[in-house]
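Note sheet for the following structure.
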Amino acid sequence: MSNKIINLHHADFDGAISGACMKVVYGNSGEYIPTAIGKVNETLNKIVKLQSLKDTTIFLTDLSIGPDNKELINLIKTNKIIIYDHHINPFTEKLFEDIPKHNKLDSKICGATITWLELLKIHKNNTRLKAMEDIVLLSDVYDMWRTNHIDFDKAVGINDLLSYKIGYTPAQFRDRFVDNPQIQFSKKERKIMDIQLKHRDVDLTNMMDDGFINTFKNHNFYITECDSPTDYTKYLLMNELIDKGIDMFIFKFKNTTQCSVRIPPNSKILDLNVWYDDIGCVGHKSAGGIPSTEYHKLIKLLN
Ligand SMILES: [Mn+2]
Numbered sequence: 057m058s059n060k061i062i063n064l065h066h067a068d069f070d071g072a073i074s075g076a077c078m079k080v081v082y083g084n085s086g087e088y089i090p091t092a093i094g095k096v097n098e099t100l101n102k103i104v105k106l107q108s109l110k111d112t113t114i115f116l117t118d119l120s121i122g123p124d125n126k127e128l129i130n131l132i133k134t135n136k137i138i139i140y141d142h143h144i145n146p147f148t149e150k151l152f153e154d155i156p157k158h159n160k161l162d163s164k165i166c167g168a169t170i171t172w173l174e175l176l177k178i179h180k181n182n183t184r185l186k187a188m189e190d191i192v193l194l195s196d197v198y199d200m201w202r203t204n205h206i207d208f209d210k211a212v213g214i215n216d217l218l219s220y221k222i223g224y225t226p227a228q229f230r231d232r233f234v235d236n237p238q239i240q241f242s243k244k245e246r247k248i249m250d251i252q253l254k255h256r257d258v259d260l261t262n263m264m265d266d267g268f269i270n271t272f273k274n275h276n277f278y279i280t281e282c283d284s285p286t287d288y289t290k291y292l293l294m295n296e297l298i299d300k301g302i303d304m305f306i307f308k309f310k311n312t313t314q315c316s317v318r319i320p321p322n323s324k325i326l327d328l329n330v331w332y333d334d335i336g337c338v339g340h341k342s343a344g345g346i347p348s349t350e351y352h353k354l355i356k357l358l359n
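Residue numbering for the sequence shown follows my numbering, starting at 57 and increasing by one per position.
Shown next, in the form of structure tokens:
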């Protein structure tokens with residue numbers, strides 16, 4: 057192991073907790089950087105420009121690499137980059153057949169759980185790491201969308217603390233659990249959760265009021281405008297409308313031409329990318345978005 061570690065972790069609940077696990081082990085001598093999945097390359101390039109990686113190991117936690125990250129492969133093969141992740145795509149599946157064993161990919165558990173378990177193998181007696189167990193479990197409940205889990209609502213509440221406007225940034229959220237892994241919340245934190253809960257009710261009502269169904273090429277599209285709903289709010293809306301035979305939900309963000317797209321479980325659509333030419337949507341099979349540059353394609357659906 058090199059002298060220095062840099063941890064790029066995903067900037068969501070799960071990713072921030074994977075970063076918290078890294079930080080309780082490697083402490084303040086390491087660098088911990090929240091980032092988006094699509095920005096791994098860009099973020100890494102910046103780091104490499106600023107410093108040599110001679111004595112450094114980079115950990116990517118809860119972060120995936122895709123075919124556009126090919127220049128990273130050598131760094132993975134030479135153990136400069138170690139990956140603990142659960143975002144598996146055909147590219148990583150193939151790549152990882154041929155990669156050093158101490159990387160870990162597993163699509164059945166969240167990124168924080170993988171990170172936590174891998175670190176525990178090496179740091180068996182680290183009590184601070186062991187104390188992360190509860191928050192790691194809750195991040196799994198939220199990130200893996202375990203909606204029937206008894207603690208799902210609790211996990212949603214914790215996720216609500218992540219808010220650039222009124223709550224924590226991803227780095228602040230991570231450090232909050234580094235400093236205190238307990239799931240007991242301060243007055244201020246409970247107030248944030250309260251505001252977010254009310255916000256969710258308002259969002260949901262607005263999305264129901266403003267939304268409409270447009271049938272296009274024999275498929276039903278639900279289009280609605282909203283402020284910036286969390287995944288959970290989108291999930292609640294889709295649940296409300298589960299019997300309406302809707303194939304695609306399009307959430308247009310207020311005052312922008314940006315949209316988020318979701319495919320409900322009972323949809324006729326198996327992969328939203330198939331609709332790129334018609335609507336401009338891209339992403340994973342059932343979750344993605346419409347970039348502003350493709351918005352013009354959506355106009356025919358809006359009338
Ligand atoms: Mn994750």
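Heads up, the beta-carbon is just placed ideally off N, CA and C, and yes, glycines get one too.
Item	Value
Reduced DSSP category for Ala187 - H, G, I as helix; E, B as strand; rest coil	coil
Cys166: CB within 6 Å of a non-hydrogen atom of ligand 1	yes
7 Å Cβ cutoff met for Gly345 and Val317	yes
Distance cut-off 6 Å: Asp287 Cβ against heavy atoms of ligand 1	no
Inter-stretch contact at 8 Å, needing at least 3 Cβ pairs: the region 163–182 / the region 117–124	yes
Distance cut-off 6 Å: Leu196 Cβ against heavy atoms of ligand 1	According to the sequence as given, residue 196 is Asp; it is not Leu. Checking the Cβ of Asp196 against ligand 1 gives no.
Coil, strand or helix - Met200 by DSSP	coil
Alpha-carbon spacing of Pro226 relative to Ala67, whole angstroms	5 Å
Whole-angstrom distance between Asn236 and Lys186, CA atom to CA atom	13 Å
Close beta carbons around Thr91, own chain, < 8 Å, minus the five adjacent residues each side	Leu64, His65, His66, Ala67, Thr99, Leu119
As assigned by DSSP and simplified to three states, the class of Lys177	helix
Cβ pair count under 8 Å reaching 3, the region 71–85 against the region 125–137	no
Reduced DSSP category for Tyr54 - H, G, I as helix; E, B as strand; rest coil	Outside the shown range of the chain (57 to 359) lies residue 54, about which nothing can therefore be said.
Start and end residues, beta strand (DSSP E) containing Thr99	Careful: Thr99 lies outside any beta strand (DSSP E), inside the alpha helix (DSSP H) at 96–106.
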